[in-house]
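Residue numbers (the working numbering): 4 to 233. Have a look at the structure below, then the notes.
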């Protein structure tokens with residue numbers, strides 16, 4: 004029987020938070036301890052520690068975090084890739100994008116042979132500010148947004164693309180966020196019958212490649228796996 008220790012770890016945290024528990028104990032491992040450290044550093048849990056359950060077994064004790072009105076700081080927690088069902092694409096398939104979550108984690112269990120493989124994240128806020136200073140017309144188009152392809156998630160009789168524009172950049176109460184998956188935008192615009200040139204302003208997003216990092220806020224970062232040709 005195939006097991007998924009990381010999936011079980013996340014499920015225990017999610018269930019404990021839903022039940023308003025102060026803490027949750029899970030079987031310890033180096034990887035789960037590292038994930039707990041990252042969750043603590045990012046402010047999603049209060050703390051964690053290793054506890055001797057008995058003379059031969061330790062557990063990882065995670066102390067959950069709540070707002071003053073007793074709402075869990077963690078609003079959603081799920082594992083995408085699972086044993087036997089890996090969710091990934093190769094560098095030819097994966098274009099620059101943002102993910103619909105607060106925190107993106109790229110976990111590496113061992114070094115790649117010959118140092119192969121590079122994951123890159125870039126601050127979309129830096130891109131935003133550069134576009135505002137150098138190409139305000141492009142930024143204006145990104146704020147107007149585009150229709151998005153719905154990937155078959157529409158109901159029978161509905162359009163295969165969103166009936167409204169979804170902005171790439173948004174600014175709500177002074178907080179800038181970004182939502183960018185170029186393939187969905189281009190497919191949506193094509194499904195709407197708009198000419199290929201309707202997405203030409205997306206070329207301004209080619210600045211989404213620079214510094215390398217392992218964890219980042221998905222609200223303000225774009226994550227590609229390769230360099231975009233100029």
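In this text, a Cβ means the ideal position worked out from N, Cα and C, and glycines have one as well. Model, not experiment: these values are computed from the prediction.
Using a Cβ-Cβ cut-off of 7 Å (strictly less than) and excluding sequence neighbours within five positions of residue i, which residues of its own chain qualify?
{"i": "residue 31", "result": "53, 61, 62 and 63"}
Quick one: what's got a C-beta closer than 6 Å to residue i's C-beta in the same chain, skipping five residues either side?
{"i": "residue 145", "result": "171 and 172"}
{"i": "residue 210", "result": "Here residue 210 scores only 46 on pLDDT, less than 50, and its place in the model should not be relied on; the value that follows carries that caveat. Once the five neighbours on either side are set aside, the close Cβ partners of residue 210 are 130."}
Indicate whether residue i and residue j have their beta-carbon atoms separated by less than 8 Å.
{"i": "residue 151", "j": "residue 191", "result": "yes"}
{"i": "residue 183", "j": "residue 101", "result": "yes"}
{"i": "residue 9", "j": "residue 27", "result": "no"}
{"i": "residue 20", "j": "residue 77", "result": "yes"}
{"i": "residue 82", "j": "residue 13", "result": "yes"}
Using a Cβ-Cβ cut-off of 8 Å (strictly less than) and excluding sequence neighbours within five positions of residue i, which residues of its own chain qualify?
{"i": "residue 39", "result": "48, 51, 63 and 65"}
{"i": "residue 155", "result": "163"}
{"i": "residue 166", "result": "150"}
{"i": "residue 24", "result": "67"}
Just checking my contact of residue i with residue j at CB under 8 Å: how many whole Å lie between their CB atoms?
{"i": "residue 131", "j": "residue 179", "result": "6 Å"}
{"i": "residue 181", "j": "residue 127", "result": "4 Å"}
### Residue ranges of each alpha helix (DSSP H) within the stretch 48-85, 4 or longer
none
### Secondary structure, alpha helix (DSSP H): runs of 4+ residues fully inside the stretch 164-202
Whole alpha helix (DSSP H) segments, 4+ residues: 185-194.
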